[in-house]
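Novice: Numbering (this note's numbering), first residue to last: 2 to 284.
1. In three-state DSSP terms, what is residue 115?
2. Can you tell me whether residue 225 is helix, strand or coil according to DSSP?
3. Using the three-state DSSP reduction, which class does residue 151 fall into: helix, strand or coil?
4. Based on the DSSP output, what are the partners of residue 104 in its beta bridges?
5. Express the C-alpha separation of residue 271 and residue 42 in angstroms, rounding to a whole number.
6. Does the beta-carbon distance from residue 67 to residue 39 come in below 9 Å?
7. If contact is defined by three or more beta carbon pairs under 8 Å, each pair taking one atom from either stretch, is the segment 105-113 in contact with the segment 200-210?
8. Let me check one thing: in DSSP terms, what residues is residue 144 bridge-paired to?
9. Give me the DSSP bridge partner(s) of residue 198.
10. Looking only at C-alpha atoms, which of 166, 175, 155 sits nearest to residue 134?
11. Whose CA, out of 157, 144, 141, 192, lies closest to the CA of residue 120?
12. Which residues in the same chain as residue 34 place their Cβ atom closer than 7 Å to its Cβ, once the five residues preceding and following it in sequence are excluded?
13. Can you name the start and end residues of the alpha helix (DSSP H) that residue 54 belongs to?
14. Run the CB neighbour count on residue 95, radius 10 Å, all protein chains shown included, and call it buried at 16 or more, exposed below.
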């Protein structure tokens, strides 16, 4: 099992005003010390843009590169997403996995538009265009269903599966919050799952987000994401289902967090990461 991390577990996020942003040196050192083998890149500006510099920095901390989370508007007839994708891929270097999100065009993940049938036609066409473009560069494109994007809930996930060829990133937490059972999806669509984000979730808070009682960002502040094994998602069951289906890709551990200040050395988000690593070592 290949286990990696992501800067969002340390509160490093692309959303303006998300919270205190920790420096790369500390985040990468804590990833290494927690026993992670590799990382996703994080938002623009977190790591060097030039791929050689980026790879060299990760190598200083003994970390490999998995790929990157790239939110792109895909449903707008007046916007070609390929230049945005190509700008992101230019920094990938040896990393092979593009984790695409169908962005709304708005900041943050607390509101989203309803798409028309024409919007959906454009979105599905662009998903295949991006997948083909990435494949032409020897990379794998996956779509990440994500709260606050235009592909969030079960009907939208099903529409992507039925109407496009793109592979999926199975993000256990975002799927559950959006109303999809991640274990059922892992079993039903294993052939389309090419990348995994492992999150555990407080199901009570997830239900409040789905019901519109709580904004997603506020739920993150309240601790909707839990260390693996401390929430309500059947992480071992999901891993078992994917293993049985022959999945051999990365498991990227993510517990999205929002920080208000720099935690003292040796404390903070790394505590939850260590708990999650220990859980995965027994799974």
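Positions of the beta carbon are idealized from the N, C-alpha and C atoms, including for glycine.
Keep in mind that this is a model prediction, so the values were computed, not measured.
Specialist: Walking through what the data contain:
1. coil
2. Three-state DSSP puts residue 225 in coil, outside helix and strand.
3. coil
4. Answer is 74.
5. Residue 42 and residue 271 have their C-alpha atoms roughly 17 Å apart.
6. yes
7. no
8. 101, 169
9. 172, 253
10. 166
11. 157
12. Within the same chain, residue 34 has no close Cβ partners at all.
13. 52-61
14. exposed
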